[in-house]
Amino acid sequence: MDTHTHIEQLPATIRAYLDAQEARDADAALSLLTPTALISDVGESFSGEESLRRFVTEAGAEFNYTTRLTGVRRDGETWVVGHHLEGDFPGGTADLDYRFLLDGERIERLDIVVG
């Protein structure tokens, strides 16, 4: 059952991660992940500190784009944050869901999928 909610209701860890990723602050983002965290971005997976650091600093860096949050909901134990992107990447627009699974106060898994 999906429960619609507002960005302010997201756990502080997820809000901090989204801010760190937007700022490309790898140290801040990595501090919010568990040691065994896994990030999957439209089918490509990243785990381990170096791979995750590369993801946070490089994902989408070759493009200019804007991001608008389109919604927040909870799907069981998973927090889903919708993003609408517009920019100079192939296709020009994309709707993505960031699906966060927490382990305590840290992020265990983030799946970024086409929404």
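Each residue of the sequence shown is one higher than the one before, starting from 7 at the first, in the numbering used here.
Think of the CB as a built atom: it goes at the ideal place given N, C-alpha and C, for glycine as much as any other residue.
According to DSSP, which residues form a beta bridge with residue 104?
By one-based count along the sequence shown, residue 104 stands at place 98. DSSP lists 87 and 118 as partners of residue 104.
If you scan the segment 24-85 from start to end, which runs of the beta strand (DSSP E) of 3 or more residues do you find wholly inside it?
Within the segment 24-85, the runs of beta strand (DSSP E) at least 3 residues long that lie entirely inside it are, in chain order, 39-47, 50-53 and 71-81.
Determine the contact status of residue 16 and residue 113, defining contact as a CB-CB distance below 8 Å.
Looking up residue 16 in the sequence shown gives position 10. Looking up residue 113 in the sequence shown gives position 107. Taking 8 Å as the Cβ cut-off, residue 16 and residue 113 do not qualify as a contacting pair.
How would you call residue 13, buried or exposed, if buried means at least 16 neighbouring beta carbons within 10 angstroms?
The residue you call residue 13 lines up with position 7 of the sequence shown. Exposed, by the Cβ-count rule.
Quick one: any contact between the segment 48-64 and the segment 29-38, if contact means 3 or more CB pairs under 8 Å?
Pairwise C-beta distances place the segment 48-64 in contact with the segment 29-38, as three or more of them are shorter than 8 Å.
Going by beta carbon distance, what residues of the same chain come within less than 8 Å of residue 53, once the five residues before and after it are set aside?
The sequence position of residue 53 within the sequence shown is 47, counting from 1. So the qualifying residues of the chain are 42, 43, 44 and 45.
Tell me, please, which residues DSSP counts as bridged to residue 92.
Mapped onto the sequence shown, residue 92 falls at position 86. Paired residues: 72 and 99.
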